[in-house]
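Notes for the one structure printed next.
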Amino acid sequence: MAIDPTQVPRFAHGSRVPGWDDAADLTKDPAVVPDPATTPVPQHVRVAIEAEMAQYPDVRSAAIPALHIVQDEHGWCSPTAIEQAACVLRLTPAYLTAVATFYDMFSTTPKGRHDVYVCTNISCSLLGADAIYQEMLSAAGDDPEFHVQSFECLGACDIAPMASVNGEYVGPLEAEDCGRIVDDVKAGREVLPDKQLRKRKVAVEHWKGA
Amino acid sequence: MEILYRDLDDPELATLDGYSKRGGYEMLRKALSMDPNDVLNEMLESGVRGRGGAGFAMGKKMSFIPRGTMDKYLVCNADESEPGTFKDRELIQKNPHLLIEGIVIGAYAIGANKSFIYIRGEYQHQADVLARAVEEARAAGYVGERVLGSDHTIDLVVHRGAGAYICGEETALLDSLEGKRGNPRLKPPFPAVQGLYKGPTLINNVETLMNVPVILRMGGAEYARIGTETSTGTKVVSVSGCVQRPGNYEITLGVPSREIIMDLAGGPPEGRSIKAWFPGGSSAPVLPGDDEYLDLPYDFDALAKAGSMLGSGAIIVIDDSISIVDVALKTAKFYRHESCGKCTPCREGTNWTVKMLERVQTGEATPMDLDIMASVQEQIIGNCLCVLGDAMAMPIGSMIKHFREEFEAHIEAAREANGLGAAIPQVNRARQAGPYPMLDPADVDPTAAVA
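So, in structure tokens, the structure goes:
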């Protein structure tokens, strides 16, 4: 079966991989460590990052905590967010971008404020996680506030199929729970209070009498 | 036998008061009154093996840390990302102080004065619980400068990761903790010699460190009597997949695997049978659901002898309603996504394995592809800096080995279903790489050039 190059799905920039060959503007100098005088950083962000820096023998260790802080502040690791973190850490934006692109929880493209990670790894998919993920996508629809992502094992296979909604683990999920998740998040309520992992007892107790 | 899981559900246990009421931090006092070498000897005597995956003797690992006054570090690996594993999550959430006590005692034994808990970023609630517990312990003087009036100083930082399976590998974890991309390092030098910030570093799993106060309480020799001769102690086993009662169960090492899957976890759903199971997380070679494998004692050596491994102690059960091709593809896709890309065999091997499995799924493959896939797996094993590539190669290789007929039957069925016509005749793709058929070698005399 020969491959027809015109049939290979490609992104708008002509590549089969999103963004890895985004053209760099070679007419510009590489970004240097941002100047504190011209880079406004919100006071609470600066304080939080400096508190992290104080915990480690080497300030670079605070890179991941700092990216968590600026991502919470800006919603995603935008150029502004990375510049602010770089300014406080005294590192180049390129260094922090390299770190941010490595980790799944950091997004260097705009995303919704509410993270819904649906686990689609082995244990969950054995129990129908792929259908739950599709259901979750359609439940969230094109609401820009939601960022639904299929995720690798989230470490909660006892409640498979499961999802992490803004960090709250819920499961086992059924198709109709997806709509409830969206409603609960929109209303600012606790997400699926009856299915939260943190309230679950150890397995021996949980299944007693089942 | 329940040691770590005793009273685990008591909500009080997560607080310092509740933990102290049950004899918490007594072992820390005892350790501080002992010589560090004696604490180390207890660990050696217990024979406890690492609970994170590799199963290396913990006491031995501790004894590799050089003596001296240089900056030494203890890192707790709580980046639990192995598919199927969720024991550390429950242990941290419900009994954080036991972990802290274990870390402080471990640090005392090796002379480390700075320690880190690297917890995966997705465990937000658990990280909060842990951070609160560390604050409580610090306020009570169990963590910080001159612990309980002794000479031992220990600082403890809870570091949240950000979602990368590879950061569970010890050297990648160190790179990530230093604020870099989580790429594994070349070994040697091993972390015990040159680890975090170039200092000697001890890295242990959550469950291993939680066993430290337990061993000190029981005495190493007494602890070694639990379990089998080479696999001592209890183990928290995470059972998931096609079972009726998934969850964490604490077992004595050496019990029959059948007991865990059938009795504790309730076995597969009504009317189904076990087709295959991962004995130790998705990185362990799968074993078929035959009686000879289910009767294996669940310990490090018995599983290794049967061609698999205990790994992180995560059993994933696959029942007969599941296609093994789907499981193989899921597994391979996971490793492709999580490969850091540093070593070529892993980066390319995971990618091409996924592509070949996709061809198997759509029916475009021939049985020859299974041989190529198996040879790709063989060429990944042992050729990378870390074992992530091996972790894909072993389960995929074992699936092809045990379930080859099913793969072949799937190819035929999918070919028919997708209307791809008659079966492609077997050709040796290793020799025929181009789009054109090779020249017929009949009228070429291979000896002509020799004369």
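Going down the list, the sequences are from chains A and B. At the far end of the first sequence sits residue 244, using the numbering used here, and the numbering has no gaps. At the far end of the second sequence sits residue 628, using the numbering used here, and the numbering has no gaps. The beta-carbon is built from N, C-alpha and C at its ideal position, and this holds for glycine as well.
Whole-Å CB distance - residue i paired with residue j, under 8 Å assumed
i: LEU160(A); j: CYS419(B); result: 6 Å
i: ASP332(B); j: ILE296(B); result: Going by Cβ atoms, the distance from ASP332(B) to ILE296(B) rounds to 17 Å, so no, they are not a contact pair.
i: VAL416(B); j: TYR475(B); result: About 11 Å; that fails the 8 Å criterion.
i: ASP567(B); j: ILE557(B); result: 6 Å
i: ALA349(B); j: CYS517(B); result: 7 Å
i: ALA191(B); j: PRO273(B); result: 6 Å
i: ARG226(B); j: PHE477(B); result: 6 Å
i: CYS561(B); j: PRO522(B); result: 5 Å
i: LEU480(B); j: LEU473(B); result: 6 Å
i: LEU217(B); j: GLY232(B); result: The pair is not a contact, with the Cβ atoms about 19 Å apart (cut-off 8 Å).
Which residues DSSP lists as bridging residue i, in chain order
i: CYS253(B); result: ILE294(B), ASN381(B)
i: PRO474(B); result: PRO433(B)
i: GLY321(B); result: ILE331(B)
i: PHE185(A); result: CYS153(A)
i: TYR202(B); result: BP columns for TYR202(B) are empty, so no partner.
i: SER198(A); result: TYR151(A), TYR203(A)
i: SER417(B); result: ILE493(B)
i: HIS336(B); result: TYR295(B)
i: ILE428(B); result: LYS412(B)
i: LEU464(B); result: TRP454(B)
Contacts that residue i makes with chain A (C-beta to C-beta distance below 7 Å)
i: ASP186(B); result: LYS235, VAL236, GLU239
i: HIS514(B); result: GLU186
i: TYR182(B); result: VAL236
i: SER459(B); result: ILE156
i: ARG362(B); result: What ARG362(B) touches in chain A: nothing, since even the nearest Cβ is about 15 Å away.
i: ILE495(B); result: LEU160
Contact set between residue i and chain B, taken where Cβ atoms lie within less than 9 Å
i: TYR137(A); result: GLY298, GLY338, ALA339, GLY340, ALA341, CYS344, SER353, ARG358, GLY359
i: ALA194(A); result: SER417, GLY418, PRO423
i: ILE116(A); result: Under the 9 Å cutoff, chain B gives no residues; its nearest Cβ is about 14 Å from ILE116(A).
i: ARG94(A); result: GLU355, GLY356, LYS357
i: SER159(A); result: ASP503, VAL504, LYS507
i: SER198(A); result: GLU299, GLN301
Proximity test, residue i beta-carbon vs the ligand HEM heavy atom, cut-off 7 Å
i: GLU186(A); result: You won't find the ligand HEM in this model; it holds no ligand whatsoever.
Proximity to residue i [Cα-Cα], best of the options
i: VAL182(A); options: ALA190(A), ARG234(A), LEU171(A), ASP192(A); result: LEU171(A)
i: GLU259(B); options: GLN230(A), ASN200(A), GLY189(A); result: GLY189(A)
i: MET178(B); options: VAL414(B), ILE573(B), SER210(B), VAL389(B); result: VAL414(B)
i: PRO462(B); options: MET486(B), ARG449(B), GLU469(B); result: MET486(B)
i: THR539(B); options: SER500(B), ILE549(B), ILE588(B); result: ILE588(B)
i: PRO446(B); options: LEU363(B), GLU427(B), ALA234(B), GLN421(B); result: GLN421(B)
i: GLY125(B); options: HIS514(B), ASP548(B), LYS507(B); result: Nothing about residue 125(B) can be read from this structure; chain B reaches only from 178 to 628.
i: ILE438(B); options: THR409(B), GLY490(B), MET387(B); result: GLY490(B)
i: VAL389(B); options: GLY200(B), ALA505(B), MET220(B); result: MET220(B)
i: MET629(B); options: ALA289(B), LYS238(B), ASP215(B); result: Because chain B spans 178 through 628 in this model, residue 629(B) falls outside it and cannot be assessed.
i: LEU181(B); options: PRO361(B), ARG449(B), ARG394(B), VAL252(B); result: ARG394(B)
i: ASP265(B); options: LYS242(A), VAL236(A), HIS240(A), TRP241(A); result: VAL236(A)
i: HIS329(B); options: TYR196(B), LEU205(B), LYS364(B); result: LEU205(B)
i: GLY230(B); options: MET211(B), SER460(B), GLU583(B); result: SER460(B)
For residue i, the first and last residue of its enclosing beta strand (DSSP E)
i: TRP454(B); result: 451-455
i: ILE495(B); result: 491-496
Neighbouring residues, chain B, relative to residue i (Cβ below 8 Å)
i: HIS148(A); result: Chain B residues near HIS148(A): none, gap ~14 Å exceeds 8 Å.
i: HIS102(A); result: GLY298, ARG337, ALA339
i: PRO99(A); result: HIS336, ARG337
Partners in chain A for residue i, counting only beta-carbon separations shorter than 9 Å
i: HIS302(B); result: GLY201, GLU202, TYR203, LEU231, ARG232
i: ALA262(B); result: The sequence given here places Thr at residue 262(B); Ala does not occur at that position. Here the neighbours are CYS187, GLY189, CYS191.
Chain-ordered neighbours of residue i on chain B, where CB pairs are closer than 7 Å
i: PHE140(A); result: ALA339
i: GLN89(A); result: VAL334
i: VAL122(A); result: Per Cβ cutoff of 7 Å: no residues; VAL122(A) is ~13 Å from chain B at best.
Terminal residues of the alpha helix (DSSP H) in which residue i lies
i: THR348(B); result: 347-354
i: GLY574(B); result: 565-579
i: CYS245(A); result: Coverage of chain A is limited to positions 35 through 244, which leaves residue 245(A) absent and any answer about it impossible.
i: SER240(B); result: 235-240
i: ASP503(B); result: 501-515
i: VAL41(A); result: First, the residue type needs correcting, since residue 41(A) is Gln and not Val in the sequence shown. Segment: none, GLN41(A) is in no alpha helix (DSSP H) and carries neither H nor E.
i: VAL238(A); result: 237-240
i: PRO243(B); result: Counting along the chain, PRO243(B) falls outside any alpha helix (DSSP H), and DSSP gives it neither H nor E.
i: THR135(A); result: 127-136
i: VAL66(A); result: Note, VAL66(A): premise wrong, no alpha helix (DSSP H); not H, not E.
i: THR527(B); result: 521-539
i: ASP106(A); result: 97-108
i: SER223(B); result: 213-223
Beta carbon proximity, residue i to chain D, threshold 8 Å
i: PHE511(B); result: Looking for chain D here will not work: the only protein chains present are A and B.
Chain-ordered chain A contacts of residue i [CB-CB under 8 Å]
i: GLN270(B); result: ARG232
i: SER258(B); result: GLU186, CYS187, GLY189
i: ARG266(B); result: GLY189, ALA190
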